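Asks:
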Amino acid sequence: MRWWGPLLFAGMIGVAAADDGLFAEGRRLYMEGRRADGSALLARRDGDGRLQGRDMACVQCHRRSGAGTVEGVVIVPSIQGRVLFNPGSPPPGHLPRRAAGMALQDYGFRTRPAYDDISLARALREGIGAGGARFDGLMPRYDLSSRDIAALTAYLHSLDATPADGIDPQPGGAIRLATVILPDADPSQSAAMRAVLSTCVAERSPRPGSGRRPWTLDEWALSGPPETWRGQLEAFRMERPVFALLGGIGRDWAHVHAFCEANALPCLFPNTDAPGEQPPPHASMYLSPGVGVEAGVIAADLDESGDMPERLVQVFQRRDIGRYGAAALASALPGIPNRAVSSGADPGWIRAGEVLVLWLAPTDLASFFMAVPEPPDGVRVYLSASLAGFDTGVDTSLIPPPWRPAVRVVYPFDLPDLRLGRQVFNLGGWMAGHGLALVRSTARVQGDSFSACEVVARALYTLPEHPTREVLLERVEEAYAGAVATAYPRFTLGPGQRFGSKGAYLLKIMPDGKWQPQGAWRVP
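Numbering of the sequence shown is given in the working numbering, commencing with residue 1244 and proceeding in unit increments.
#1: If you count every other CB in all the chains shown that lies within 10 Å of the CB of W1247, and 16 or more means buried, which is it?
#2: Ordered along the chain, which non-local residues of its own chain (more than five positions away) have a Cβ less than 6 angstroms from that of M1244?
#3: So, are the CB atoms of P1619 and A1583 less than 8 angstroms apart?
#4: Just to confirm, are G1493 and T1515 a CB contact at a threshold of 8 angstroms?
#5: Could you give the distance in angstroms between the alpha-carbon of A1628 and the alpha-carbon of V1439?
#6: Does DSSP put M1528 in a helix, a strand or coil?
#7: Sort R1447, F1734, G1374 and G1344 by Cα distance to T1214 and report the nearest one.
#8: Determine, using beta carbons only, whether W1496 and P1513 come nearer to each other than 8 angstroms.
#9: Following the continuous alpha helix (DSSP H) through V1540, name the residue where it begins and the one where it ends.
#10: Apply the 10 Å Cβ neighbour rule to V1536 and answer buried if 16 or more other Cβ atoms are within range, or exposed otherwise.
#11: Can at least three beta-carbon pairs, one atom from the stretch 1598 to 1615 and one from the stretch 1630 to 1639, be found at a separation below 8 angstroms?
#12: Is the Cβ-Cβ distance between L1460 and T1405 less than 8 angstroms?
#13: Is DSSP giving D1607 helix, strand or coil here?
#14: Quick one: what's got a C-beta closer than 7 angstroms to V1699's C-beta in the same chain, skipping five residues either side?
#15: So, helix, strand or coil for T1422, using DSSP?
#16: Look up P1760 in the DSSP assignment and say whether it is helix, strand or coil.
#17: Helix, strand or coil, according to DSSP, for D1461 in the structure here?
#18: Tell me whether E1314 sits in a helix, a strand or coil according to DSSP, three-state version.
#19: Tell me whether D1495, by its Cβ, gets closer than 7 angstroms to a heavy atom of the ligand GTP.
#20: Between which two residues does the alpha helix (DSSP H) carrying I1322 extend?
#21: Please determine, among G1762, A1394, I1593 and K1745, the residue with the shortest C-alpha to C-alpha distance to F1266.
#22: List, from N- to C-terminal side, the beta strand (DSSP E) runs of 3 residues or more that fit wholly inside the stretch 1339 to 1418.
#23: Have a look at V1766, D1550 and Y1385 and flag the residue whose alpha-carbon is nearest the alpha-carbon of G1370.
#24: Using a Cβ-Cβ cut-off of 6 angstroms (strictly less than) and excluding sequence neighbours within five positions of V1540, which residues of its own chain qualify?
#25: Would you call the stretch 1674 to 1683 and the stretch 1274 to 1286 touching, i.e. three or more CB-CB distances under 8 angstroms?
#26: Are there three or more Cβ pairs, one per stretch, closer than 8 angstroms when the stretch 1752 to 1764 is compared with the stretch 1562 to 1579?
#27: Using CA atoms only, rank isn't needed, just tell me which of P1320, I1424 and F1502 is closest to D1379.
#28: Residue ranges of each alpha helix (DSSP H) run of no fewer than 4 residues wholly in the stretch 1471 to 1529, ordered along the chain?
#29: Starting from R1437, trace the alpha helix (DSSP H) both ways and give me its first and last residue.
#30: For Y1731, count neighbouring C-beta atoms within 10 Å of its own C-beta (all shown protein chains included) and say buried if the count is 16 or more, exposed if not.
#31: Whole angstroms are fine: how far does the CA of G1568 sit from the CA of A1435?
#32: Do you know how far the Cα of L1387 is from the Cα of R1368?
#33: Which partner residues of Q1295 appear in the DSSP bridge assignment?
What follows is the structure, encoded as structure tokens:
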């Protein structure tokens, strides 16, 4: 592997010496590639000529955490203050292979002295590290003033300066995790998640004497109306802080999402069809956008058809999660008149040339079709599989035969038989070995919870000696291959991505009640 020399260095040790303005300037340089006056950071790189701005910002390679990453054969080392301003050292337990007659040449960032004022200027402007090694050609050479360097120094010291909550400070102390169970979750689904998650965490947690921190899993079970959930979450956090939330289950996740984002608390792969939207997720990672991606696929299908409707008519329960899907679709098609209709309202409004979107749970769906036994001519219909409870399979008996030719089911899951076969292969043996049963009615939650545990376990095993939550998020982005039993046909993550699955199928219903995909998996 090649390695990039550290992007930022410092001779000024101590955050306390830096004023708030200096820190803010350093953050802007690091995150945006811009100076205090708004001008772009200038740099040059071998073969690329002059470069500037955000493309040259430190965050692009060293990540928000400063912990670095690996890009192919290129190692991007940590530039966190705790690492950078001390001599380089190999990771604990690191013992390179040696061969007789061959000398070992370790990476320069592991053998260098600590950076100081003199090595600072040379490293940033000439690309030569503290130990005298020349950096890889991919490492930019920057035009930085002394003030810029001092500002970056102040910001780098902050990256790992504060120990993360939820980690026992004693050597070998535990990393505490928690899972949230909302009162709107189905009890059988909650029990299935709890069984898989607790078993997986107990099995994957490092054992005593392994040299790694063990993990514990708490349960935060909420109660009462949604407006009280945020306060309950805060009470749990204050009483027993955790490093991250793992899994969890609930129909409407917006309050938990807001809590996690406000506290920069990683909230990793809850079982929900309604992830929070505001603020945009950073600390939160989701299995799928749920009703949001259903709305995106509907909008994309209408756009591709070239036949935009005269009006959207969206039917949903005002207090159910269908309201999020309806809002997302209205936002995706701002030029189309939109009418939101409460379930149970007089159905006489639907007309030819319109598009009807049903965001309805099974009982509401049955009531709707009872009130409207046949669709008006020329009406196109989309039906949310998430709301209709079709995640375990499409129950076409809910859709009366006269409606079937007009209906397209938006299905953000893998096709049922393919998914079940994959879950039996990747999960069934593990569950049987632990006295658990893979059941069709709960297989989605079981597979998603197992995958969440596997991905997060891989990330936890790669954390540095002094972990931060930002590093955890970045390691989770890199560990998505552990998601082998999800309900989705494709599951990938990357830098800044917060949804593992990103698409849906459109299913058409045949006159005999059978269904089939209309085209391939769609990513809006």
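C-beta: ideal position from N, C-alpha, C; glycine also. Here the structure is a predicted model, which is why all the values come from computation and not from measurement.
Replies: Looking at the atomic coordinates:
#1: Reliability of the predicted coordinates at W1247 is poor, the pLDDT of 44 falling under 50, and no value is obtained from them.
#2: Residue confidence is low: M1244 scores 41 on pLDDT, short of 50, so the model does not pin down where it sits. Its coordinate-derived value is still stated next. Closer than 6 angstroms at the Cβ level, and outside the excluded window around M1244, lie V1316 and I1318.
#3: no
#4: yes
#5: 25 angstroms
#6: strand
#7: Residue 1214 lies beyond the stretch modelled for the chain, which goes from 1244 to 1767, so this question has no answer here.
#8: yes
#9: V1534 to S1548
#10: buried
#11: yes
#12: no
#13: helix
#14: L1489, L1511 and V1719
#15: strand
#16: strand
#17: strand
#18: strand
#19: In terms of ligand content, the structure shown is empty, and the ligand GTP therefore cannot be addressed.
#20: Premise fails: I1322 is in no alpha helix (DSSP H) and is neither H nor E.
#21: A1394
#22: 1384 to 1386
#23: Y1385
#24: V1653, A1747, R1765 and P1767
#25: no
#26: no
#27: P1320
#28: 1472 to 1482 and 1497 to 1505
#29: P1430 to R1447
#30: buried
#31: 26 angstroms
#32: 8 angstroms
#33: L1285
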